[in-house]
Every structure is written in C-alpha cells, then in structure tokens.
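The block underneath contains the structure these notes are about, expressed in structure tokens.
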Amino acid sequence: MSIKERLNEDLKKALKEGEKQRLSVIRMAKAAIINEEKNRMHELNDDEVIEVLSREVKKRREAKEEYERLGRRDAAEELEREIKILQEYLPLQLTEEELEKIVRETIEEIGANSLKDMGKVMSTVLPRVKGRADGRTVNAIVKRLLQN
Numbered sequence: 040m041s042i043k044e045r046l047n048e049d050l051k052k053a054l055k056e057g058e059k060q061r062l063s064v065i066r067m068a069k070a071a072i073i074n075e076e077k078n079r080m081h082e083l084n085d086d087e088v089i090e091v092l093s094r095e096v097k098k099r100r101e102a103k104e105e106y107e108r109l110g111r112r113d114a115a116e117e118l119e120r121e122i123k124i125l126q127e128y129l130p131l132q133l134t135e136e137e138l139e140k141i142v143r144e145t146i147e148e149i150g151a152n153s154l155k156d157m158g159k160v161m162s163t164v165l166p167r168v169k170g171r172a173d174g175r176t177v178n179a180i181v182k183r184l185l186q187n
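The C-terminal residue of the sequence shown carries number 187 in the working numbering, and the numbering is unbroken.
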C-alpha cells in the first residue's frame, strides 16, 4: 500500500472515529501532496511523498522551536502532536549512532579531513539518509566529526 493510499484509509478512519486532530493533519498532508503534484505536473511516487511529508515535519519543528522560545507551550505541544502523526507516514528515523556511523564511513570514503570538506560530506550523506534523518542533525554530526 502506498503512502497516499494509507493517508486516504487513515482519513476515512479518523473521520469515522471523530479524531479531529488526526483528521486535520492528514488533510493538511494530502493538500501539501496535491499542491506538489500540481507544481511538478505528475502524480508523486512514495519517495516524492516522503519528501513532501519531511518538509511538513521540518516546518513544524521550526515553528515549535519558535513557539518554545516565545513561551507558547500550548502551541508547541500542538505542533509536537502534529509531528508525531506525520512521522507515522515516514520511514523510521535513524538513531544518532547509526547516523554517526554513516557519516564516519562517508568521511573515510571521500577522504575528508577538515571543515573545508563539509560540503562534500553533506552532499554525499544526505541522499543516503533521505527521509530518515533531519538535515540539521546530520550537519551537527558532520561538523563535530570533521573538527576532531
């Protein structure tokens, strides 16, 4: 079953069970997917849907951080619940240890030895972990490993 099919099934289920927040998040996700399909002028495959959903999660994480900074705990908690719902449709996220292992292997492969090589490392690592890790986390790990 594709991610889009799962979203449709879960939408129906949330509608029947009266889960307003889940319903709202799924509708938003479907709208984002439809907008992307219109922009690209073709139906999205699962990898492209994952890209869209990852982007939606990223937007919510950034907004959540901003709300926390402003002391708006209620809004931040709401966004955290939305993130959890969206993550159900994304591949399992890599742990920091798994991510660090991938980064170390990449650094060895390309022979990176300073922060000057950060761009090369990032451009090699990001496609490998696409949809399974946050770019900011990858960036922090690459930076830390290249500084040592």
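Where is the CB? At the ideal position from N, CA and C, for every residue including glycine.
Just so we're clear, the structure is a prediction, and the values are computed from it rather than from any experiment.
Beta-carbon proximity check, residue i vs residue j, cutoff 8 Å
{"i": "T134", "j": "T145", "result": "no"}
{"i": "L185", "j": "L154", "result": "yes"}
{"i": "I72", "j": "V88", "result": "yes"}
{"i": "A68", "j": "L92", "result": "yes"}
Straight-line gap, residue i to residue j (C-alpha atoms, nearest Å)
{"i": "R29", "j": "R94", "result": "Here the chain has residues from 40 to 187 only, and residue 29 is not among them."}
{"i": "N178", "j": "M161", "result": "7 Å"}
{"i": "V142", "j": "N84", "result": "27 Å"}
{"i": "Q132", "j": "K169", "result": "10 Å"}
{"i": "K77", "j": "Y128", "result": "21 Å"}
{"i": "V181", "j": "M157", "result": "7 Å"}
{"i": "I149", "j": "E90", "result": "26 Å"}
{"i": "E137", "j": "K103", "result": "26 Å"}
{"i": "R79", "j": "R99", "result": "23 Å"}
{"i": "R108", "j": "E101", "result": "11 Å"}
{"i": "R183", "j": "N152", "result": "12 Å"}
Exercise. Is the stretch 54 to 61 touching the stretch 112 to 131 in the sense that three or more CB pairs, one from each, lie closer than 8 Å?
Worked result: yes
Problem set entry | Sequence ranges, alpha helix (DSSP H) only - wholly within the stretch 99 to 173, length at least 4 | 112 to 126, 135 to 149 and 157 to 167
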